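Trainee: So that we are looking at the same thing, I have put the structure below in structure tokens.
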Ligand code: CDP
């Protein structure tokens, strides 16, 4: 028997190869091509006038002085937009959102008018020359105010909207949960707030609309994570023919969910280009991005666990109050009003659970974007792991042991959660064991005891997370009625080089590198022979874009499937070249051979050449195909994060001593890229726990509208991480067993930091400090021995 001639998969850059990111060549040379890098002949510039007030009636808008400024071509107001039925646009959550305000402004920073001029400076000056007369109204900045008696109705533009409540929603078994609570030995209750946060991509949003009257074609270069959805939205809202719209997402400098929604700037630049028949560029500034584009979180929780005294969880009851801002514009593709919040407690074997949720309007920027999160799963995991930590403390149990005894066990998969999700696979206890060993759990507990005797406060926090990734399956998930699936198109040229296009859109995650690795795995073409293109709706197959870590579970699966279609055709070509029947042909990586005579074989490249030069009679020439992939289920990665801290009782400052992350995301395509994703997620988790928040004063003024207030951690502040990859549970339904990973650490990380600080100050009786755990809040909790809850208050003198 002859020895296999299969290629070495790692050498050709297949699955498991830590291949260097091919896109970095152009990025580190300064040759990236971002929206703002694009200059078109005759291009004009658009700037937006924003509201200084959070809630006010617009009495008048006088644009005459702006029109008089030389270099100004157009001044748009809501009234003018209304003549084209564009003053309002639909949101992804079936609400409406003002493009430019007509009747009222409803949050500080709302778009009121815009100017299109020869350059951005003229346009900005002209914005300042616009005179808007406002009649201020009382502002609402949280759900409690929104439902208070006599609260002003924010959305008085809507019929059948007598108050500020958007929805009341529930899921689970209310009666069964109530019964379980009656049986409980202990009920553990915790009230929490996950504060408003902002994805803060380094590149802000922007667009260049270029309408060509001669061809009737509209091309829009823009910072979108979902170009095909934007094309559909433009076709449906602006009633332009879809084949005459081309959306191009060039390089994107980070999206994190912020670049999924449709923003007024995009709409105004498109209308302005159509009216002026010139390209119109809108590039948002940092404050504009922070103050007006999709925020995330801002949910209050009242959560309870029914417990047996031996530690068994009997039931979960949760109520969430979500503050959606002025327009309900959650970017989420499910029929569930509050996204996938009910993915909470999925990794625990909970017999029964019930969740109620209420969404309300406030005078804050709209959003609810899935900021590095699969549609509210970040809040779900934070609440879960904070509740678990509090329950273990209430029971006097070790928090690791409490988790272990309640985990879904390896034998229970596929496991139906109490809220109806089906978990695909996992090894939860094993991940916990790896994490506990790595952090030196027993030793740390001893050190903690000794340190406490010397007045030193050490703490250890554990958090686990399981995230439903890969929206969706088309039975349950859609955006504006368009089913959730994704696509890949592969063209293998005659020399065996190939181009792959997908309906996803990378924003830094490295798709150009990893998708080629999947092709290498399936076909044995070296990854470097496969070029990957995304983001141009004229060339890419239709797809739903990249957010919620759905690319690998869905587009990545489509890449596998299209490569398998290519391999099936190549097999027929191989049989023809080898002059045997197809059934006699075997495959090994990179090569087909004759079963009975393994030395006789042809490479995949030889098959590619034959597809153009020597195909059998009756075979269609060429070697290309397209696959659309509708996932049968979500993939469910799992992770355990452990953090140790030291808290200074005199100042409330806390320092991270150690971070251990154990991520099981199934098969890793590119281990180096996966580690980069986890490090980025942990950095954001640390930022949320430690420093990052946007809050509002009583008048609805946004505090956190610049990077002096909204703190992003640099490499200086960010602690180091110890990452573990030894637990691999492939997804049983994904073609290569991969699960998503991009968001996991941002989702699961925050609770580990908070749990560590609360553990450090355990002797004080403090059960909760809401994020961010700023030193003054921690100090207040220690000194006054009470919880510190809610968004940090903004004092009058701040
Ligand atoms: O949707 P998004 O690209 O943001 O998230 P993802 O699907 O979790 O993928 C993030 C990056 O990690 C991509 O380059 C993936 O191909 C890579 N990845 C991987 O190498 N192995 C996995 N099991 C999951 C993701």
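In my numbering, the protein residues as written are 1469 to 2266.
The C-beta atom is built at its ideal place from N, Cα and C for all residues, glycine as well.
Since the structure is predicted, the reported quantities are computational estimates derived from the model, not experimental observations.
1) Determine, using beta-carbon pairs with one atom in the region 1854-1862 and one in the region 1657-1665, whether at least three such pairs fall under 8 Å.
2) For a minimum of 3 consecutive residues, which ranges assigned as the beta strand (DSSP E) are wholly contained in the region 1941-2010?
3) Below 6 Å CB to CB, which residues in the same chain sit around residue 1633 once its five sequence neighbours on both sides are set aside?
4) To the nearest angstrom, how far is the alpha carbon of residue 1566 from that of residue 1555?
5) Could you check if residue 2259 is buried or exposed, using at least 16 other CB atoms within 10 Å of its CB as the buried criterion?
6) Kindly indicate which three-state DSSP category residue 2142 falls into: helix, strand or coil?
7) Residue 2054 and residue 1959 - do their beta-carbons sit closer together than 8 Å?
8) Using the Cβ count rule (16 or more neighbours within 10 Å means buried), how would you classify residue 1779?
9) Please confirm if the region 1564-1578 is in contact with the region 1536-1556, defined as three or more CB-CB distances below 8 Å between the two stretches.
10) Excluding five sequence neighbours on each side, which residues of the same chain lie with their C-beta closer than 6 Å to the C-beta of residue 1759?
11) I need the straight-line Cα distance from residue 2265 to residue 2166, nearest angstrom please.
12) Determine the closest residue to residue 2194 out of 2061, 1707, 2135, 1535, with distance taken between C-alpha atoms.
13) Within 7 Å: the Cβ of residue 2136 and any heavy atom of the ligand CDP?
14) Would you say the beta carbon of residue 2141 is closer than 7 Å to some non-hydrogen atom of the ligand CDP?
15) On the DSSP letters alone, give me the boundaries of the beta strand (DSSP E) that residue 1874 sits inside.
16) Taking all protein chains shown into account, decide if residue 1710 is buried (16 or more other Cβ within 10 angstroms of its Cβ) or exposed.
17) Secondary structure at residue 1629, three-state DSSP: helix, strand or coil?
18) Would you mind working out which of 1520, 1511, 1519 sits nearest residue 1539, comparing C-alpha positions?
19) Buried or exposed: residue 1704, going by 16 or more other Cβ atoms within 10 Å of its Cβ?
20) Would a check of beta-carbon distances place residue 1656 closer than 8 Å to chain D?
21) Per DSSP, which residues does residue 2247 bridge with? Please list them.
22) Evaluate residue 1534 with the Cβ neighbour count: other Cβ atoms within 10 Å of its Cβ, from every protein chain shown; 16 or more gives buried, anything less gives exposed.
23) Just to confirm my understanding: we take residue 1587, look at its own chain, exclude 5 residues before and 5 after, and list those with CB closer than 8 Å. What are they?
24) When DSSP labels each residue in this structure, what does residue 1936 get in the three-state scheme?
25) Mind listing, in chain order, the continuous beta strand (DSSP E) runs of no fewer than 3 residues lying wholly within the region 1553-1594?
26) When DSSP labels each residue in this structure, what does residue 2082 get in the three-state scheme?
27) Applying the 10 Å Cβ sphere with the 16-neighbour rule, what's the burial state of residue 1756?
28) Flag this pair as yes or no: are the beta carbons of residue 2256 and residue 2226 separated by less than 8 Å?
29) Closer than 7 Å: is that where the CB of residue 2145 sits relative to any heavy atom of the ligand CDP?
30) For the candidate residues 1900, 1914, 1921, whose alpha-carbon lies nearest to that of residue 1931?
31) By the three-class DSSP mapping on this structure, what secondary structure does residue 2264 have?
32) For the ligand CDP, I want to know if residue 1978 counts as a neighbour, meaning its beta carbon is within less than 7 Å of at least one of the ligand's heavy atoms.
33) Given the structure, does residue 1487 come close to the ligand CDP, in the sense that its CB is under 7 Å from one of the ligand's heavy atoms?
34) Who are the Cβ neighbours of residue 1713 in its own chain at under 7 Å, not counting the five residues just before and after it?
Mentor: This is what the structure holds:
1) yes
2) 1954-1960, 1966-1970, 1998-2002
3) 1828
4) 6 Å
5) buried
6) helix
7) no
8) buried
9) yes
10) 1577, 2170, 2173
11) Low local confidence applies: a pLDDT of 47 at residue 2265 is under 50, so the model's placement there is unreliable, with the coordinate-based value given in what follows. So the alpha carbons of these two residues sit roughly 13 Å apart.
12) 2135
13) yes
14) yes
15) Note, residue 1874: premise wrong, no beta strand (DSSP E); alpha helix (DSSP H) at 1867-1874.
16) exposed
17) coil
18) 1511
19) exposed
20) In the structure shown, chain D cannot be found, because there is only a single protein chain.
21) DSSP, once it has assigned bridges, lists no residue as partnering residue 2247.
22) buried
23) 1513, 1539
24) coil
25) 1556-1558, 1564-1566, 1579-1585
26) coil
27) buried
28) no
29) yes
30) 1900
31) For residue 2264, the pLDDT reaches just 44, beneath the cut-off of 50, and the residue's location in the model is therefore unreliable, leaving the point undetermined.
32) yes
33) no
34) 1686, 1699, 1702, 1703
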